[in-house]
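Residue numbers for the sequence shown follow the numbering used here, beginning at 14 and rising by one.
For every residue, glycine included, the Cβ atom is placed at its ideal position computed from N, Cα and C.
Right, one structure below, let's go through it.
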Amino acid sequence: MDMTGHPRIHVFIAFAKIVAAATIVFILTILCPKPFIHGQGHTEEPPKRFLHESLKHEINFPNEVTFTINGYSQVDLRQLTLNYQISESKVRGYIYSEIEQEIAGKAFSGVSTLSTSGNSYIPSGVRIRYYFEARDINGNRYKSLTKEFDYLNPEYPWRSTQVGPMTIFWHGFQHLDVAKSGEKAYVAIQEAAAISNLQEVEPFRAVIINNPREAAEAFPTVSSTSLKDGLYGGFAFRDYGVFLIGGIGADGLIHEGTHIVIGQAVDSPFSKMPAWLNEGLAMYFESSDHGRLAIAERAYLNGELMPLSSMGAVPGKPRDVRIFYAHSQAVVKHMVDRFGKAKMSRLITDLGNGLSIDTAIEKTYSMTLEDLDSDWQKGVQPTFERRLIVDPGTFWTSTMMGIAFIFAVTVTGINWLRKKTSEPVDPADRLREDEYEEGYWDK
14 MDMTGHPRIH VFIAFAKIVA AATIVFILTI LCPKPFIHGQ GHTEEPPKRF LHESLKHEIN
74 FPNEVTFTIN GYSQVDLRQL TLNYQISESK VRGYIYSEIE QEIAGKAFSG VSTLSTSGNS
134 YIPSGVRIRY YFEARDINGN RYKSLTKEFD YLNPEYPWRS TQVGPMTIFW HGFQHLDVAK
194 SGEKAYVAIQ EAAAISNLQE VEPFRAVIIN NPREAAEAFP TVSSTSLKDG LYGGFAFRDY
254 GVFLIGGIGA DGLIHEGTHI VIGQAVDSPF SKMPAWLNEG LAMYFESSDH GRLAIAERAY
314 LNGELMPLSS MGAVPGKPRD VRIFYAHSQA VVKHMVDRFG KAKMSRLITD LGNGLSIDTA
374 IEKTYSMTLE DLDSDWQKGV QPTFERRLIV DPGTFWTSTM MGIAFIFAVT VTGINWLRKK
434 TSEPVDPADR LREDEYEEGY WDK
């Protein structure tokens, strides 16, 4: 019986063809998997890495870093990009690179430049991680190996010292002196972490700047006046986990290290700590007030203080800056000494949870910012109990000595005034008090 035209025969033949085709595809997939897995016909999958690539970087401090890649690729590259990350931060970026490639040999090279000054300022001491990525005409991706390095001025022979979570980069000092200051600072930084309710301090870095010339290159430019007068002794960068400080004085390390720790504790996009509290806490843990409390009291008696509500940011003029720092330290010291560390801890926690400073102060201390400032000021106004007891045997001797003293002071004052009036510079812009007396710009 001829069954060629029977419906069952057609079904059987169709089924047999499907089985045969599936068998062929299965065999070819095992023998040559790449064309079928990637749907590229007979084109091989591009490698994940370039062939024999080499990466280099050159630091042109403090302006830029140049990155270079050289290598080989089996395909024509159309786009090359530098990808970088700064330290363990969320600061990432990419830069399109110029690419040159030989037609015959397939050798290629690319160069990218990362600006590190001005509006693109990157602080010394950060660790930069980078790699190159390219695409060919079909959109396939190629990635280089990853390299990393410490961004430091190559002019100096840098060394590093580890103290707890803090890595200190330095040059030109004795290792023992650096370690001694670091250990002293670490004790205070732990106290700052405790009052900030920080359970574990994340690793951070410190870069010691030796002199004003080095600072002019390494520090960010706040203003020409502050740069000229050396107004700021250090800068902390929470996002980068690094701070820069002038000299190896322990108080400088304590001050900027406290900024880093507080930044880790109050790490929320909704939190905003006012500058007076941030700076006041940083100075509270220093070993000395460096004369700031006397400056604050004098400024109060002269009516030169700003209200705390206007001290959310550091002012611009040098004289105002120094009064600002002194006032901030005096108020924070008063808060801790009078009301205790527990309340300060609650205040920092509330700020970290997003409360405003006004709300947090009222919640913790049951007073307004104005009341808090007034509470400190009550202890400033001096009171004197004057009693005059005249001893006839010493009265005339004391009188003569007093007249001589007044005469000497008058002559000295006249000479000083003559000298100052001959200087064309605004006295307010020439004020200078070393913020970190111990070891500041060690000479």
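For secondary structure counted as the beta strand (DSSP E) over 3 or more consecutive residues, the segment 153-194 holds these complete runs in sequence order: 154-156, 160-163, 172-176 and 179-183. Taking C-beta separations shorter than 7 Å and ignoring five residues to either side along the sequence, the partners of glutamate 317 in its chain run Ile336, following chain order.
Contact between glycine 195 and threonine 174 is confirmed by a C-beta separation of about 6 Å, below the 8 Å threshold. With fewer than 16 other Cβ atoms inside 10 Å of its own Cβ, aspartate 350 counts as exposed. For the pair leucine 385 and glutamine 342, the Cα-to-Cα distance works out to about 13 Å. Isoleucine 275 and serine 209 have their C-alpha atoms spaced approximately 6 Å apart. The segment 148-165 makes contact with the segment 77-86: 3 or more CB pairs, one atom from each, lie closer than 8 Å.
Close CB contacts of serine 125 within its chain, under the 7 Å cut and outside five residues either way in sequence, are with Phe80, Leu95, Ile108 and Ser110 (chain order). At a cut-off of 4 residues, the continuous stretches assigned as alpha helix (DSSP H) that sit fully inside the segment 242-286 are 263-278. Alanine 295 and proline 216 have their alpha carbons spaced roughly 18 Å apart. Of the candidates Ala228, Leu364, Lys197 and Phe63, Lys197 places its Cα closest to the Cα of leucine 266. Under DSSP, glycine 367 shares a beta bridge with no residue.
Collapsing the DSSP output to three states places glutamate 375 in a helix. Here isoleucine 150 is actually not in contact with arginine 105; their C-beta atoms are around 27 Å apart, not less than 8 Å.
In this structure, the CA atom of proline 170 is about 19 Å from the CA atom of phenylalanine 232. By the 16-neighbour rule on beta-carbons within 10 angstroms, glutamine 114 is buried. Taken in chain order, the whole alpha helix (DSSP H) runs of length 4 or more contained in the segment 294-333 are 305-314. Remark: C-beta atoms of valine 255 and valine 327 do not approach each other more closely than 8 Å. Per DSSP, the unbroken alpha helix (DSSP H) holding glutamine 390 starts and ends at 382-390. According to DSSP, residue pairing for glycine 106 in a beta bridge involves Tyr97. When DSSP states are grouped into helix, strand and coil, asparagine 76 belongs to the coil group. The beta carbon of aspartate 190 sits closer than 7 Å to those of Ile261, all from its chain and outside the five residues before and after it, given in chain order. Under DSSP, the beta-bridge partners assigned to valine 220 are Phe182 and Leu257.
A Cβ-Cβ contact shorter than 8 Å links glycine 246 with glycine 259.
Lysine 356 is not bridged by DSSP to any residue. Shown here, glutamate 230 sits in a helix according to DSSP, grouped into three states. Residue state for glycine 138 is assigned as coil, using DSSP reduced to three classes. One thing to note: lysine 356 has its Cβ within 8 Å of the Cβ of threonine 377. Taken atom to atom, the span from the alpha-carbon of valine 279 to that of arginine 226 is near 34 Å. Residue pairing by DSSP places asparagine 83 opposite Ser67 and Ser122 in a beta bridge. Rounded to the nearest angstrom, the gap between the Cα atoms of serine 369 and glycine 177 is 33 Å.
For glycine 123, the closest of Glu213, Ile112 and Arg148 by C-alpha to C-alpha distance is Ile112.
The alpha carbon of valine 344 has as its nearest neighbour, out of Leu68, Gly392, Ala147 and Tyr143, the alpha carbon of Gly392.
Contact between glycine 325 and proline 287 holds, since their C-beta atoms are separated by about 4 Å, short of 8 Å.
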